[in-house]
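Residue numbers (this note's numbering), protein chains in the order written: chain W, -17 to 56; chain E, 7 to 257.
For reference, the structure discussed in these notes is given below.
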Amino acid sequence: MEGELAHIGAGLAAIGSGAAAIGVGNVAGNFLAGALRNPSAAASQTATLFIGIAFAEALGIFSFLVALLLMFAV
Amino acid sequence: MASEAQGAETGGLEFHPMDQFNIESLFGGPIAWYTPTNAALWMGLAILAVIGLMVLTTTKRSVVPSRGQSVAELAYGFVYKMVEDVSGKDGVVYFPYIMTLFMFIVCANFLGLIPMSFTTTSHFAVTVVLAMAVFLTVTALGFVKNGTKFLGLFWVSSAPLALRPILAIIEVISYFVRPVSHSIRLAGNVMAGHAVIKVFAGFAAIAVVSPIAIAGIVAMYALEILVSFIQAYVFTILTCVYLKDALHPSH
Chain W
-17 MEGELAHIGA
-7 GLAAIGSGAA
3 AIGVGNVAGN
13 FLAGALRNPS
23 AAASQTATLF
33 IGIAFAEALG
43 IFSFLVALLL
53 MFAV
Chain E
7 MASEAQGAET
17 GGLEFHPMDQ
27 FNIESLFGGP
37 IAWYTPTNAA
47 LWMGLAILAV
57 IGLMVLTTTK
67 RSVVPSRGQS
77 VAELAYGFVY
87 KMVEDVSGKD
97 GVVYFPYIMT
107 LFMFIVCANF
117 LGLIPMSFTT
127 TSHFAVTVVL
137 AMAVFLTVTA
147 LGFVKNGTKF
157 LGLFWVSSAP
167 LALRPILAII
177 EVISYFVRPV
187 SHSIRLAGNV
197 MAGHAVIKVF
207 AGFAAIAVVS
217 PIAIAGIVAM
227 YALEILVSFI
237 QAYVFTILTC
247 VYLKDALHPS
257 H
C-alpha cells in the first residue's frame, strides 16, 4: 500500500514540471516580445535568456527529483 | 518495478525505460571500484572525442582551415566569448577549466545519443562530481581573491537595513542549493529525454500505434540533439555566472 501511495505522490510531483513550463514560457515569451521591439539588442541578451530559463527550470527539476525519490528511494 | 516489465504478452512494454541506465561490467563478474564498466568506457570515449576534435585537427594548422579545424576554432571562440561576456576580462584566466567542462559534457551528451550507447551524463554521480568541483573551486576562489569581503555576496547592501538579515538567509540557502540544481538540471534533462524515447519505443511494438510512436521517436530524437547542446551550454554559462560572483561579490 505504501508503495502505491508513493507512486501517486510521484504523479502529483509531476505537476511541478507543468508549473516550470509556465515559468519557462514566460521567460521566453517576454524575451521574444522585447526582441521584436528592439532586434538589435536581442543578440547581446541571449545569455541572459538562457540563464533565466535555467533558473525557472531549476524548480521544475526539483519536483522531478522528488518524483524520482518517491519512485526509487522511498 | 518488475510489474511493468511483464506486459510483453499484451504487446506493451517489453523492457523498462530505465534499463538503459544500468551500469554493467564490460567483461562480466561483480562490480568493484576498479572494474571496467560501460560508464568508464563511454567516459573514455568522450575524452577521446575531445582529443580527436581539439588536438588532432589542430596539429596541422593552416590559414585556410580544414573542416575539423574550423569546428575546433568555432568551439573555442564560442566558449571564449561566453567566458569573456559573462565573467568579465579577469575571468578569462579560468577559460581552460570552463572549456574542458563544456567539451566533455557536450561530447558525452552527443555520444549518448548513439543508439545502444550509454549516456554518462545521465547519472547523478557524474554530474554531481562536476558541479561540486565547480562549487568548491568557485567558493575557494572567492575567499582567496576577496578574503572576508566575499561574504558581502550574502549581505545585500542596496536593500533596506531591516530586510538585510532575511535576505541574507535567502541568499545563503540559494548559494548552497547551487550545486544541487546545477548537477540535477543536466542529469535530469538528459535522463528524462532518453527515458521518453524508450517509452515511445515500447509503444512501437503495438501495431496500431506504431507509426505514431516511431514518428514520436524521431521528433524526440531531434529535440534531444537540441537539449544535449543547450544543457552543456547552460551548465557552462552557469559556471561562468558563479565565477563572476566569486570574482566580484558585491551586488
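We put the CB at the ideal spot given by N, CA and C, even for glycine.
query                                                                                                                          : result
Meets three-Cβ-pair contact criterion under 8 Å: the stretch 159 to 176 of chain E and the stretch 184 to 197 of chain E       : no
Cβ-Cβ distance between E:THR264 and E:ILE29 below 8 Å                                                                          : Nothing in the structure corresponds to residue 264 of chain E, since chain E is present only between 7 and 257.
Residues that E:ILE190 contacts on chain W, provided the C-beta gap is smaller than 7 Å                                        : ILE43 and LEU47
Buried versus exposed call for E:GLU230 [16 or more other C-beta atoms within 10 Å across all chains shown]                    : buried
Whole-Å CB distance - E:MET138 paired with E:MET60, under 8 Å assumed                                                          : Incorrect: roughly 25 Å between the Cβ atoms, too far for contact.
Any chain E beta carbon closer than 8 Å to W:ALA25                                                                             : no
Cut-off 6 Å between Cβ atoms - residues of its own chain near W:ALA17, not counting five sequence neighbours on either side    : ALA24
Span separating the alpha-carbon of E:ALA55 from that of E:SER123                                                              : 14 Å
In chain order, each alpha helix (DSSP H) run of at least 4 residues that lies wholly inside the stretch 206 to 257 of chain E : 216 to 253
Inter-residue Cα distance where the pair is E:GLY153 and E:GLY35                                                               : 51 Å
Per DSSP, cross-strand counterpart(s) of E:THR43                                                                               : E:SER31
Residue nearest to E:PHE156 in terms of C-alpha spacing, selected from E:TYR248, E:ILE37, E:LYS87 and E:PRO23                  : E:TYR248
E:TYR86 - containing alpha helix (DSSP H), residue span                                                                        : 73 to 93
For E:TRP161, three-class secondary structure by DSSP                                                                          : coil
Proximal residues to E:SER216 (C-beta, below 8 Å), its chain only, five neighbours per side dropped                            : PHE209 and ALA210
E:ILE190, DSSP secondary structure in three states                                                                             : helix
Chain E contacts made by the stretch 7 to 35 of chain W, where a contact means CB separation under 7 Å                         : ALA29, PHE32 and ILE33
Rounded separation between E:ASP251 and E:HIS22 - CA only                                                                      : 43 Å
Inter-residue spacing [alpha-carbon to alpha-carbon] between E:PRO71 and E:LEU107                                              : 25 Å
CB contact below 8 Å: E:ASP251 versus chain W                                                                                  : no
Per-residue contacts from E:TYR239 into chain W (C-beta, under 7 Å)                                                            : PHE32
E:PRO121 to E:VAL134 span [Cα, whole Å]                                                                                        : 25 Å
Opening and closing residue of the alpha helix (DSSP H) in which E:PRO121 lies                                                 : E:PRO121 -> no alpha helix (DSSP H), and no H or E assigned at all.
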